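My numbering puts the first residue of the sequence shown at 92, with every later residue one more than the last.
Quick reminder that beta carbons are idealized off the backbone N, C-alpha and C, glycines included.
A quick note: this is a predicted structure, and the numbers were derived from the prediction, not measured.
The next block holds one structure in the form of structure tokens; read it before the comments.
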Amino acid sequence: MELPALAKQIIAFRDARDWSQFHTTKHLATALAIEAAELQELMLWKGENEVAELVDSRSGHGKLSDEIADVLIYALLFCESVG
């Protein structure tokens with residue numbers, strides 16, 4: 092899927108739930124920072140080998156994928172907010 096199509100789906104999901112009222116530019120920037128911090132938290136205090144094991148494991152890869160998806164979603168919503 093291409094990025095513009097993904098962004099349209101995310102915006103449609105948001106709009107169907109009337110969440111745009113909460114998605115101010117400030118709040119989206121905050122949410123993006125929090126989600127990026129959650130991604131970092133998965134690797135906090137881990138050495139390079141431990142991070143590699145996290146990436147290679149099914150559960151770790153799933154957690155990383157979830158957090159990366161959240162970062163991407165908020166990044167796209169932020170971009171839409173600021174034009």
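Just verifying my parser: in three-state terms, what is the DSSP assignment at residue i?
| i | result |
| --- | --- |
| residue 99 | helix |
| residue 153 | helix |
| residue 105 | helix |
| residue 93 | coil |
| residue 148 | coil |
Return the chain-ordered list of same chain residues with a C-beta closer than 7 Å to the C-beta of residue i, the five sequence neighbours on each side being excluded.
| i | result |
| --- | --- |
| residue 159 | 130 |
Kindly indicate which residue of the options has the alpha-carbon position closest to the one of residue i.
| i | options | result |
| --- | --- | --- |
| residue 96 | 172, 155, 167 | 167 |
| residue 128 | 111, 150, 155 | 155 |
Only counting the same chain, and skipping five residues up and downstream in sequence, which positions put a Cβ closer than 8 Å to that of residue i?
| i | result |
| --- | --- |
| residue 120 | 169 |
| residue 173 | 116 |
Tell me the residue span of the alpha helix (DSSP H) that contains residue i.
| i | result |
| --- | --- |
| residue 129 | 116-132 |
**Q.** Stretch-stretch touch, CB-based, cutoff 8 Å, three pairs: the segment 125-144 with the segment 100-112
**A.** no
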